[in-house]
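Colleague:
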Amino acid sequence: MSLAKIFRENPDRRYIMFGGKGGLGKTTFSAATGYWLAKQGKRVLVFSVDPQASLSDIFRRDIFGKGAVEIMPNLYAQEIDADQHIREYQEEIRQKIRDMYGFDEIPEEIESYIQAASAEPAMEESAIFDQVVDIVVAGEFDYYIYDLVPLGHALYYLSMASVYDQWISKITKLREEMREYEQMAARVSRNKELQEDKILEELQDIRYRISTSSSILTDPQKTAFFFALVPEEMILIDTEKAAKLFARYQVPISGYIVNRIIPPAVAQSEHAPAYLRNRYEMQKKYLRQIDEKFGKEVLAQVEEMERDVTGLNMIERMAQAMFGEETLE
Amino acid sequence: MAAVVLLIALAVAYVGYKFYAVKIDRQVIEANPKKATPAVMYNDGVDFMPASGSVLFGYQFKSIAALGPIVGPIVAVQWGWLPAFLWLMLGVLFIGWVQDYAAAMMAMRNDGLTMGGLAYKFISPRARGILLAFLYFYLLLIMGAFGAVVAGLLSNPVVPIGLLILTLAGILAGQMTYRWKMDLVMTTIVTVLIALIGIWLGTTGAAQDIVKAINAMAGTGDKHILYNTPYGPMTWPKFFWGIVALAFCYLGSVLPIWRFAQPVNYVSFWFVALGLVGSVLGVFVAALFGTTNVSFQIPAFVTWNQPKLGWLWPMLFVTISCGAISGWHSLVSTAGTARQLEKETDALPVGAGAMFTEAVLATMALIFAATAIAKPDGSILYDAKNMYFLKTGAGGIWMYGMARFLSWIPGISPAMGGAIGAIFLAVMALTVMQLVLRFMRVASAELVGDKIPAFKNPHVGTIVAILFTFLILWTAFWQRIWVLFGGANQLFAGLALLLITIWLASEGRKYAWAFWPAVFMYATTVMALLVVAWKSFVAMGSAKGAAFAFGNAVAGLIGLFLAITAIVLAIDGLKSLAKAKQKAAARAGD
Amino acid sequence: MNAQNALTMREFMDSKPQMKYIFFGGKGGVGKTVLAGAAAVAMAQRGKRVLLASTNPVHSLSGMLGQDVFGKATPVEGVPNLWAHEIDTRETIERSKQEIKEKIEWFLKYAEIKGRADEFVESATMNPAFEESAMFENMIEIMFKDEYDFYVFDTAPTANARRLLGMSSVYSLWVNKMMQSRKEAQQMKLKLSFSRKKEEEDPLMDYLISFRDRMERAKVLLTDPEKTAFFFVTLPEALPIAVIKRFINWFEEFGIPIGGVVVNMRIDPSQVSEQADEFVRNRVKMQAEYMEEIDRLFGPMVRAVLPLFETEIRGIDMLKRTASLLFA
Amino acid sequence: MTEEEKRSFLKRMLQSIQDVIYGMASHDMARQALKTRGSMEHLFILITMGDLLGVPILPPYYSLRLLPYVVPQISTWKRRMLRERDLTDALA
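Chains as they are written, first to last, in this note's numbering: chain S, 31 to 359; chain R, 1320 to 1909; chain C, 1081 to 1408; chain B, 428 to 519.
1. Who pairs with E1027/C in a beta bridge, going by DSSP?
2. Which stretch, first to last residue, makes up the beta strand (DSSP E) that contains L358/S?
3. For the region 1491-1522 of chain R, which residues have a CB atom closer than 7 Å to at least one CB atom of chain S, in sequence order?
4. Based on the DSSP output, what are the partners of G285/S in its beta bridges?
5. Just the C-alpha distance for D1148/C and D160/S, rounded to the nearest angstrom, thanks.
6. Taking DSSP as the reference, what is the three-state secondary structure of M1683/R?
7. For the region 339-353 of chain S, enumerate the residues whose C-beta is nearer than 7 Å to any C-beta of chain C, in chain order.
8. Got a sec: which bits of the region 455-488 of chain B sit with their beta carbon under 8 Å from any beta carbon on chain S, in order along the chain?
9. Quick one: list the residues of chain C neighbouring K505/B, beta-carbon separation under 8 Å, in chain order.
10. Give, in chain order, every residue of the region 1326-1354 of chain C whose Cβ lies closer than 7 Å to some Cβ of chain B.
11. So which residues on chain R does R220/S lean against when the C-beta distance must stay under 9 Å?
12. If the criterion is Cβ atoms closer than 8 Å, does the pair F1334/C and S1249/C meet it?
13. By DSSP's criteria, I1544/R is part of a beta bridge. Which residues make up the other side?
14. In chain C, which residues lie less than 7 Å from L509/B when you measure between Cβ atoms?
15. Whose C-beta lies closer than 7 Å to the C-beta of Y194/S among residues of the same chain, with five residues either side of it excluded?
16. Does K228/S have its Cβ less than 8 Å from a Cβ in chain B?
17. Establish whether the CB of F1456/R and some CB of chain B are separated by less than 8 Å.
18. Do A1309/C and T1088/C have their CB atoms nearer than 8 Å?
19. Could you check which residue in E150/S, A34/S, R43/S and V288/S has the C-alpha nearest to that of S490/B?
20. Determine the direct distance from the alpha carbon of W1519/R to that of D1528/R, and round the result to whole angstroms.
21. For V447/B, which residues in chain S fall below 9 Å Cβ to Cβ?
22. From V1477/R, P1575/R and L1512/R, pick the residue whose C-alpha is nearest to that of H1911/R; which is it?
23. Return the Cβ separation of V1232/C and V1382/C in integer angstroms, given the expectation that the two are a contact with Cβ distance under 8 Å.
24. Going along the chain, which residues of its own chain have a beta-carbon closer than 6 Å to the beta-carbon of A1118/C, five neighbours each way excluded?
25. For S199/S, which residues in chain B fall below 8 Å Cβ to Cβ?
26. May I ask you to report which of helix, strand or coil DSSP gives G1105/C?
27. Whose C-beta lies closer than 8 Å to the C-beta of L1756/R among residues of the same chain, with five residues either side of it excluded?
28. Would you please verify whether the beta carbon of M1368/R is less than 8 Å from any beta carbon of chain B?
29. Please classify P1633/R: does DSSP put it in a helix, a strand, or coil?
30. From the DSSP secondary-structure annotation, give me the bridge partner or partners of A1309/C.
31. Contact criterion: CB-CB distance below 8 Å. Does S1203/C meet it with respect to chain S?
32. Check whether chain B comes within 8 Å of K35/S, counting only Cβ atoms and requiring the distance to be less than that.
33. When the Cα atoms are used, what is the spatial distance from A1734/R to M1320/R?
34. Against chain S, with Cβ distances strictly below 8 Å, would W1577/R count as a contact?
35. Among M214/S, V167/S, A152/S and S199/S, which residue has its Cα nearest to the Cα of Y186/S?
36. Identify the contact partners of S453/B in chain S, using a Cβ-Cβ distance below 7 Å as the criterion.
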């Protein structure tokens, strides 16, 4: 099974994620996969949900907080600026209050609440989460590639979705019960017209958005989740641990991509430095282990490049290394 | 005669409202329709919610009209019907509406505070504490007094089956409205019809036989007397049906309010309405067409000193505990109505209007009592040979009256009319008892819940209150309890009037119209309570057994306790009144 | 190859005798855990009682040390005076949820709410912020307990670390607003009270005050340049450099003292002969370019440059070796 | 009184009678249901934005989206939460 084949055989998997520990090349894989898909005429958005986003660095363009920026035809990249999103969110709320009640100015107490709310520790993460939901729900692209970066982070997002889901279910339930009592009263007083519960509508909307985005994450029909790893012992241990954690959130793993394999030719050449030879021997051992453990689930083996991957040229080379000459068709 | 008395009552109500109440409202209180009421200002959808005047009139009337206006006059005619009638008319005219209306006004002008908060604010922190303790005993007495009446009603063979089916119809009504979400009109038609059939079934021979069998379970005649109390024998039926009545209240108190208490009340409301409207019309139909004997059979005046009840003053004034005036109303006016009035000017039609209407209802009860001293079958209701002693339960008189005055409606047999009357009465009593029990439960959780966590459990608080009620129910003679209850009730009214007086004085308004009624109520009720206490303590001495002594001791102590707290409150109150006057004068001098 | 004016790791530590809390952060995969471990070993070897704690939600201390250190401070085999601890937040989360629930219930007692409040009160504790702050709470608790002479924290990838350390500022803002609201509420309560009785106790206020004090204390500790230092780990590669460049600014905003930069996985050019493959030579060349950039950007802050080892670093012996290089 | 006035007078009378009957029969039922609803509403505001009263509940991100709808109720909510209660309140 090759990486390209996975894409070919599952055309509905339009949400692509690369998981794994930090520094294993997930951002690189994201960019390269985006490049490969875009080259074949798909509209692709690569976006980073990590505040320490590296997409700007890898594409060598400052895209932070600028929305979806076109990198090349069909390929867009976006780095979410949480602070900006929070500011917009706050302003949206203010505007809504002004519109609803015809205020010229937001009452001081309300304003202070709006400001205090952004001082909440999870605000930034939540804002990014919300922005992702926005992007996904808008549905303007053929493929979405999440640059999740660190593992803990990815898990954090999943758990955030489930926390919000629980929260929203609970308070929606409360709201629905309230509605029942309201209807009771209306029946008893034979009051035919009952006003809509705006809050309930809003809650249902939020709930829809959250569940849409979290269902995408956990739906193997729609999502491809790839794990990046390198042939080192600690990484192997952690990868297995992580795979278990992801399983807990019902995230199906589509396959593994092995990165940073030292090219045998280089390692075996007589002038190869000692560190490289040693590392090569070490990698051989773990590559065997990888093969035993994941076997067919390994979709690509990518060799270490002579330099770090930044800029479209290197990204193209990486895409080549990942997908070979294969195409989507 | 009956129609004349009823017309006089209507006339008094009209004149009193039009020429006295309206004047006070406009000139002294200066009700302002434009002033924002707490219901509007603080509309929080929970405690404060505005409702229209007519709705609140209905609400207030339903909430204040319980057993008081009915049982009181029936007992009080033992002194003769005229003193009772005079007290009803003069009482409502000069005292009754004043309290109901002014209490609502006072709460409204004080941010919707209830009696406890008002007592704290206008008298003293101690006053609030005493008031709450007082309230607990007062409510306990309501439970005892009303419970005894309901037990008496239920022991009548035509009543229990009808009430049971009506209760089931009520539960069904709750299910239909709240769970099955059916239309209210449909629900009403179905459930009222079921209840009506149920009441009819209850009057059939077979159903009566069942109840009779239950009543005879502990034997008949002398054998069904379980034990003697200082005031007479405790019979098995009364004992048994007392349990049933309290079990009913227990359900009403602990079940979700929409499951039991409310829908049952709702279904029975239609019978209350039918009974009320039917019998008022019945009085006139009887007067015009002579279908029923409506000449008064009890003399206008019997005696100054009723051997069982005591002197006309003060005892008559506490016997008729509603209809003329009742402390209960100030609780309804402050906690219930004042927080719903959307205009200040609605307080008068709601507070005073409902009170005057209640006086008319009490007059009906008076007519029922005064027109019948014996049934056609010869059973005696009031013993003409023996100072017109009441020979049956007050409920029995009411049932009999209803039976006669409803019989003008084609298709309603005397038994059916009686059953409707009984259910009318029982439901009115049970409604208040359920509310009281709920309150006592909350009170015990609040007062001792922190020290004894068990009281936070709703069942514990309810059961404890019920046990107290049994104690009263099973040890004391209900007429004494009734008088004690009346005393507490009227004293509470005196207290409310005192509070109103202080409030008026503090605002620099004329207050004599509340002050003198307060003085009169105080003097009368404290005296009555002391008399009851004294009588009870004296009766303890008679060697009639431990239950005897215990019952009397309880009654005596309660009476004494209430009288003492009332005096303490009066002293605090008068001090506050003096202070309020000074302050108001100082303000006026500025 | 250190810039002339840069203090080495050893010199830096010697110049700050009171130094007590050091943190290691950087982009994922740069070797934070290893360097934190090495620093801890080095300090333990200097005779201090050292705690090596991981605040990364996905811990790797156990893997690196080859022993289970999850959930509690565990003595590290083979290194006297060294304890390691992978912080478990689950218990803290539960505890703080419980605490909040109690506070709400206390409040509800006064407000008298009908219906089944309990079921819904629970939802007030459903907030990702609990998870977020639990790690911070645990971290400062360990710091306050003061059971060790020296603390080395292996933080999560930088973004988390930044917020973790910045949390005291964020929380101070929040708690101050909250106290203001609480004060206003108390005043309003007094105004609405018919008895005009002043509330003798207000557990909510007590909670907020103790919370604020804790945050203040944490802030004082975290921003004391004599006691605290944050070290960034980078590779001679574009992405990790870009990341720490960005983060150094952020850290300065929060006032968290920066201890310096450690460069990791530098290929020793002397090992690479002229005849080596072009691949290898290119890499060395690339690293040299980035070393220059590092020198330009962080020059005086560079505390050490560590070589790329021939194997991955695992186990105590490797750590000791790294430690001796880090504190060369 | 014109015919028109008579009709509107009758209409008002009828409405009043209806209201009185409603007041006696079902007003309390409707009111209790609304009270329960209102209570739950207050609980709702408390658990979503309790920090308005200094109750240390971190407002989840999405609470803010509910804020505009809650604005008109904040003052009555605060009042009810902070008002001193008396036992006699429970009689209503």
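Don't be surprised by glycine CBs; every beta carbon is placed ideally from N, CA and C.
Modeller: Taking the definition as stated:
1. Outside the shown range of chain C, which is 1081 to 1408, sits residue 1027/C, and nothing can be said about it.
2. For the purposes of this step, residue 358/S is identified with residue 328 of the first sequence, where counting begins at 1. Run containing L358/S: none; DSSP gives neither H nor E here.
3. Here the close residues are T1496, Y1497, K1500 and L1503.
4. The residue you call residue 285/S lines up with position 255 of the first sequence. In the DSSP output, where bridge partners are listed per residue, G285/S has F256/S.
5. Mapped onto the third sequence, residue 1148/C falls at position 68. Mapped onto the first sequence, residue 160/S falls at position 130. One C-alpha to the other measures close to 37 Å.
6. Taking the second sequence and counting its residues from 1, the one referred to as residue 1683/R is at position 364. DSSP places M1683/R in helix when its eight states are reduced to three.
7. Those residues of the region 339-353 of chain S placed with their C-beta closer than 7 Å to a C-beta in chain C are T340, ordered along the chain.
8. Closer than 8 Å at the C-beta level to chain S, one finds these residues of the region 455-488 of chain B: M456, A457, R458, A460, L461, T463, R464, M467, E468, L470, F471, I474, T475, M476, D478, L479, L485, P486, P487 and Y488.
9. By one-based count along the fourth sequence, residue 505/B stands at place 78. Under the 8 Å cutoff, chain C gives A1265 and M1268.
10. Within the region 1326-1354 of chain C, no residue has a Cβ that lies closer than 7 Å to any Cβ of chain B.
11. Along the first sequence, one-based indexing puts residue 220/S at 190. Result: D1502, L1503 and V1504.
12. As a first step, residue 1334/C is located in the third sequence; it is residue number 254 there, counting from the start. As a first step, residue 1249/C is located in the third sequence; it is residue number 169 there, counting from the start. Between F1334/C and S1249/C, the gap from beta carbon to beta carbon is short of 8 Å.
13. Here residue 1544/R refers to the residue found at position 225 of the second sequence. DSSP lists T1554/R as the beta-bridge partner residues of I1544/R.
14. Mapped onto the fourth sequence, residue 509/B falls at position 82. Per Cβ cutoff of 7 Å: A1265, M1268, K1269 and L1272.
15. Taking the first sequence and counting its residues from 1, the one referred to as residue 194/S is at position 164. Sequence-distant Cβ neighbours of Y194/S in its own chain, meaning closer than 7 Å and more than five residues away, are I240.
16. By 1-based counting over the first sequence, the position of residue 228/S is 198. Yes, contact with chain B.
17. By 1-based counting over the second sequence, the position of residue 1456/R is 137. Chain B contact via Cβ: absent.
18. Mapped onto the third sequence, residue 1309/C falls at position 229. Mapped onto the third sequence, residue 1088/C falls at position 8. In this structure, T1088/C does not lie closer than 8 Å to A1309/C by Cβ.
19. Along the fourth sequence, read from residue 1 onward, the residue named residue 490/B stands at position 63. Of the candidates E150/S, A34/S, R43/S and V288/S, the one whose C-alpha sits nearest the C-alpha of S490/B is E150/S.
20. In the second sequence, the residue the question calls residue 1528/R occupies position 209. In the second sequence, the residue the question calls residue 1519/R occupies position 200. In a straight line, the C-alpha of D1528/R is about 14 Å away from that of W1519/R.
21. Start at 1 with the first residue of the fourth sequence, and residue 447/B comes out as number 20. Going along chain S, no residue has its Cβ under 9 Å from V447/B, so there is no contact; the nearest lies around 14 Å.
22. Here chain R covers residues 1320 to 1909 and nothing more, so residue 1911/R does not appear.
23. Within the third sequence, residue 1232/C is the residue found at index 152, counting from 1. Within the third sequence, residue 1382/C is the residue found at index 302, counting from 1. No, V1232/C and V1382/C are not in contact; Cβ-Cβ is about 19 Å, not under 8 Å.
24. Looking up residue 1118/C in the third sequence gives position 38. Closer than 6 Å at Cβ, skipping near neighbours: L1399, T1402, A1403 and L1406.
25. Residue numbering aside, residue 199/S sits at position 169 when the first sequence is read from its first letter. Close to S199/S, with beta-carbon spacing below 8 Å, lies no residue of chain B; the smallest spacing is near 12 Å.
26. The residue you call residue 1105/C lines up with position 25 of the third sequence. If DSSP states are grouped into helix, strand and coil, G1105/C belongs with the strands.
27. As a first step, residue 1756/R is located in the second sequence; it is residue number 437 there, counting from the start. A distance below 8 Å between beta-carbons, with the five flanking residues on each side excluded, links L1756/R to the following residues of its chain, in chain order: M1462, C1568, Y1569, G1571, S1572, T1781, A1784 and I1785.
28. Counting from 1 along the second sequence, the entry for residue 1368/R is found at position 49. Among the residues facing chain B, M1368/R is included, as its CB has a counterpart in that chain under 8 Å away.
29. For the purposes of this step, residue 1633/R is taken as the residue at position 314 of the second sequence. P1633/R: helix per DSSP, three-state reduction.
30. One-based indexing of the third sequence puts residue 1309/C at position 229. Bridge partners of A1309/C: I1102/C.
31. Locating residue 1203/C in the third sequence gives position 123, where the first residue counts as 1. By this cut-off, S1203/C is an interface position.
32. Your numbering for residue 35/S matches position 5 in the first sequence. Not one chain B Cβ lies under 8 Å of K35/S.
33. For the purposes of this step, residue 1734/R is taken as the residue at position 415 of the second sequence. For the purposes of this step, residue 1320/R is taken as the residue at position 1 of the second sequence. Each residue's alpha carbon lies about 25 Å from the other.
34. By 1-based counting over the second sequence, the position of residue 1577/R is 258. Yes, W1577/R lies at the interface with chain S (some Cβ there is under 8 Å from its Cβ).
35. Position 156 of the first sequence holds residue 186/S. Relative to the Cα of Y186/S, the nearest Cα in the group M214/S, V167/S, A152/S and S199/S belongs to A152/S.
36. Walking along the fourth sequence from the start, residue 453/B turns up at place 26. Simply V218 and S219.
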